[in-house]
Amino acid sequence: MNPQELKSILSSGLLSFPVTDFTANGDFNRDSYIKRLEWLAPYGASALFAAGGTGEFFSLAASEYSQVIKTAVDTCATSVPILAGVGGATRQAIEYAQEAERLGAKGLLLLPHYLTEASQDGVAAHVEAVCKSVKIGVVVYNRNVCRLNAVQLEQLAERCPNLIGYKDGLGDIELMVSIRRRLGDRFSYLGGLPTAEVYAAAYKALGVPVYSSAVFNFIPKTAMDFYHAIARDDHDTVGKIIDDFFLPYLDIRNRKAGYAVSIVKAGAKIVGYDAGPVRTPLTDLLPEEYEALAALIDKQGKQ
Numbered sequence: 069m070n071p072q073e074l075k076s077i078l079s080s081g082l083l084s085f086p087v088t089d090f091t092a093n094g095d096f097n098r099d100s101y102i103k104r105l106e107w108l109a110p111y112g113a114s115a116l117f118a119a120g121g122t123g124e125f126f127s128l129a130a131s132e133y134s135q136v137i138k139t140a141v142d143t144c145a146t147s148v149p150i151l152a153g154v155g156g157a158t159r160q161a162i163e164y165a166q167e168a169e170r171l172g173a174k175g176l177l178l179l180p181h182y183l184t185e186a187s188q189d190g191v192a193a194h195v196e197a198v199c200k201s202v203k204i205g206v207v208v209y210n211r212n213v214c215r216l217n218a219v220q221l222e223q224l225a226e227r228c229p230n231l232i233g234y235k236d237g238l239g240d241i242e243l244m245v246s247i248r249r250r251l252g253d254r255f256s257y258l259g260g261l262p263t264a265e266v267y268a269a270a271y272k273a274l275g276v277p278v279y280s281s282a283v284f285n286f287i288p289k290t291a292m293d294f295y296h297a298i299a300r301d302d303h304d305t306v307g308k309i310i311d312d313f314f315l316p317y318l319d320i321r322n323r324k325a326g327y328a329v330s331i332v333k334a335g336a337k338i339v340g341y342d343a344g345p346v347r348t349p350l351t352d353l354l355p356e357e358y359e360a361l362a363a364l365i366d367k368q369g370k371q
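So, in structure tokens, the structure goes:
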């Protein structure tokens, strides 16, 4: 799949990022991960991001990363394209990127580098180096310390033909408008704020109709129903699902830092696809929070 073909796929449909399965002692659980991917693939997501933020990329050793990406690529070879999360320091990100390409990933989600603050020029150089290290398509994730502006993205687009996507995790509307207006259809644009459904209607109005769904991990039918309601401007259905599920869901998610991942793993366990515990420094939901989430999920009906 060439970068432009990937761009076309990412420009419509719902995206998601499977959680990474661990055993009780924290090791990668390949069999459970395969079962998860086989369950989710038929629901109709356009692409899946393996070892992304919700997939706890930050916690994976290099050898584990290879196992996760290979398992995802092999399992979904005939069903849905796999993009691999990559990140960290530039040389580390390049090693991950080249390994993901070698293993057959169709593209990359370039997560923010960590800890070190950097200038726009420095961040742009980091993105350019990763893009030029591979031939597959790259989506850059503007979030946390990665805050590229429209000018920098335009320059990167000129220098890196395989930079085909922009995922927004900042929620800066002025910046998003400036990027969308300046770059036009050069990129595929993805909404990437935590629990992106809450922002989906607003982002669609900005010209960003595609987003990645975390709750697809445990209520895939509801996630697809919500996406289709957004696509057809069915405001009544959108409002009902937000009121009945997403707002009380956010009340649980917002209780502790890191719960954006923990609550998804809890949801997966509740519906019978236990992915094991989160890895430190994240913490799992408390029992009463788990029960509250279970009640919310039950109201969504059979998936």
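Per the numbering used here, the sequence shown runs over residues 69 to 371. Quick reminder that beta carbons are idealized off the backbone N, C-alpha and C, glycines included.
{"Query": "May I have the straight-line CA-CA distance separating LYS191 from GLU359, to the nearest angstrom?", "Result": "Just to set this straight, residue 191 is Val in the shown sequence, not Lys. If you take the alpha carbons of VAL191 and GLU359, they lie about 42 Å apart."}
{"Query": "One question on the structure: do ALA152 and ALA119 come within less than 9 Å of each other, judged by their Cβ atoms?", "Result": "yes"}
{"Query": "Please report how far the alpha carbon of PRO349 lies from the alpha carbon of ALA92, in whole angstroms.", "Result": "16 Å"}
{"Query": "Starting from SER281, follow the beta strand (DSSP E) in both directions and report where the run begins and ends.", "Result": "278 to 281"}
{"Query": "Do you know offhand how far ALA383's Cα is from LYS308's?", "Result": "The requested residue 383 does not occur in the structure, where the chain is confined to residues 69 to 371."}
{"Query": "State the DSSP-derived secondary structure class of LYS235, mapped to helix, strand or coil.", "Result": "strand"}
{"Query": "Select from VAL278, ILE331, ASP366, LYS174 the residue whose C-alpha is nearest the C-alpha of GLN72.", "Result": "LYS174"}
{"Query": "Just reading off the alpha helix (DSSP H) that PHE294 is part of, what are its end residues?", "Result": "288 to 299"}
{"Query": "Could you have a look at SER76 and say whether DSSP puts it in helix, strand or coil?", "Result": "helix"}
{"Query": "Looking at ALA218 and HIS194, is the spacing between their C-beta atoms short of 9 Å?", "Result": "no"}
{"Query": "Confirm, please, whether the CB-CB distance from ASP302 to HIS296 is below 9 Å.", "Result": "yes"}
{"Query": "Excluding the 5 residues flanking ASN97 on each side, which residues of the same chain have their C-beta closer than 7 Å to its C-beta?", "Result": "ASP89, PHE90, THR91, GLY344"}
{"Query": "Find out if the Cβ-Cβ distance for the pair VAL207, TYR234 is shorter than 9 Å.", "Result": "yes"}
{"Query": "Quick check on DSSP: helix, strand or coil for SER256?", "Result": "strand"}
{"Query": "Who are ARG170's beta bridge partners in DSSP?", "Result": "Per DSSP, none; premise fails for ARG170."}
{"Query": "Note down, one range per segment and in chain order, each alpha helix (DSSP H) of at least 4 residues found wholly within the stretch 73 to 121.", "Result": "98 to 108"}
{"Query": "Using the beta-carbon count (16 or more within 10 Å), is ASP253 buried or exposed?", "Result": "exposed"}
{"Query": "Nearest-angstrom Cα distance between LYS75 and GLU356?", "Result": "42 Å"}
{"Query": "Under a CB-based cut-off of 9 Å, is GLN166 close to chain D?", "Result": "Within the model displayed, chain D is absent; a lone protein chain is all it includes."}
{"Query": "Keeping to the same chain, check which residues put their C-beta closer than 6 Å to that of GLY205; ignore five residues upstream and five downstream.", "Result": "PRO71, LEU74, GLY175, ASN230, ILE232"}
{"Query": "Mind checking who VAL154 pairs with in its DSSP beta bridge?", "Result": "LEU178"}
{"Query": "Under a three-way DSSP split, which group does ASN212 fall into?", "Result": "coil"}
{"Query": "Leaving aside the five residues before and after VAL278 along the sequence, list all residues of the same chain whose C-beta is less than 6 Å from its C-beta, in chain order.", "Result": "LEU258"}
{"Query": "Taking Cβ to Cβ, would you say LEU116 is nearer than 9 Å to PHE85?", "Result": "yes"}
{"Query": "Rounding to the nearest angstrom, what Cα-Cα distance links SER187 and PHE126 in this structure?", "Result": "23 Å"}
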